[in-house]
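According to the working numbering, the sequence shown is numbered sequentially starting from 279. C-beta atoms are modelled at their ideal positions from N, C-alpha and C, and glycine is treated no differently. As the structure is a computational prediction, the values presented were derived from the model and not from experiment. Take a look at the structure set out below.
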Amino acid sequence: MAPNNFKIGVVAVLAGCIPSVTAAPVGSNNDQTCRKTSVAILGAGMAGITAAQALHNASVSDFVIIEYNDRIGGRAWHGDFGKKSDGSPYVIEYGCNWIQGLGNPGGPENPVYTLVSDAIKLVLK
């Protein structure tokens, strides 16, 4: 899939999680062009990214992800809160805190866990 198939904000949280879906940031110098597309995905949270991946896997490349924020990930986000005695920040989670499987070897898996596990394997190669 070519990087110009859709434009979304800066990839922050899930950059390594979706290797088959690429993103081009929308800058403040928007070129004011309009492009017709077959599918518009509203939001770049897990549902939006999963929808984009499903479209890509089905050989649909004419789609756009529309995201309000300057990053993808939806509620999967963190921030700094105060400082420790060594000056480093405490990190708090704004949404989901972790991703886990179902713990049944050979059984069903949490689809988010599967997506992230596969992406981590690709990134660590």
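| request: Please look up how many angstroms separate the CB atoms of A318 and I344, rounded, as I've assumed it's under 8 Å. | output: 6 Å
| field | Per-residue burial, G373 [other beta carbons within 10 Å of its own, 16 or more giving buried] | value | exposed
| message | Counting C-beta neighbours from all protein chains within 10 Å, is the total for L333 16 or more, i.e. buried, or is it exposed? | response | buried
| Identified DSSP bridge partners for G357 | I370
| query | What is the DSSP secondary structure of V338, reduced to helix, strand or coil? | reply | coil
| message | Nearer than 8 Å: is that true of the beta carbon of L333 relative to any heavy atom of the ligand FMN? | response | Inclusion of the ligand FMN in the displayed structure is not the case, the ligand content being empty and no account of it being possible.
| query | For the beta strand (DSSP E) that L380 lies in, which residues bound it at each end? | reply | Per DSSP, L380 belongs to no beta strand (DSSP E) and is neither H nor E.
| said: Can you tell me whether A318 is helix, strand or coil according to DSSP? | reply: strand
| field | Inter-residue spacing [alpha-carbon to alpha-carbon] between P386 and G326 | value | 22 Å
| said: Quick check on this structure: which residue in V342, L380, G384, S363 has the alpha carbon closest to the alpha carbon of K314? | reply: V342
| message | Can you tell me whether L393 is buried or exposed? The criterion is at least 16 other CB atoms within 10 Å of its CB, across all chains shown. | response | buried
| said: For P389, which residues in the same chain have their Cβ closer than 8 Å to its Cβ, ignoring the five residues on either side in sequence? | reply: T328
| query | In whole angstroms, what is the alpha-carbon distance linking D348 and D364? | reply | 31 Å
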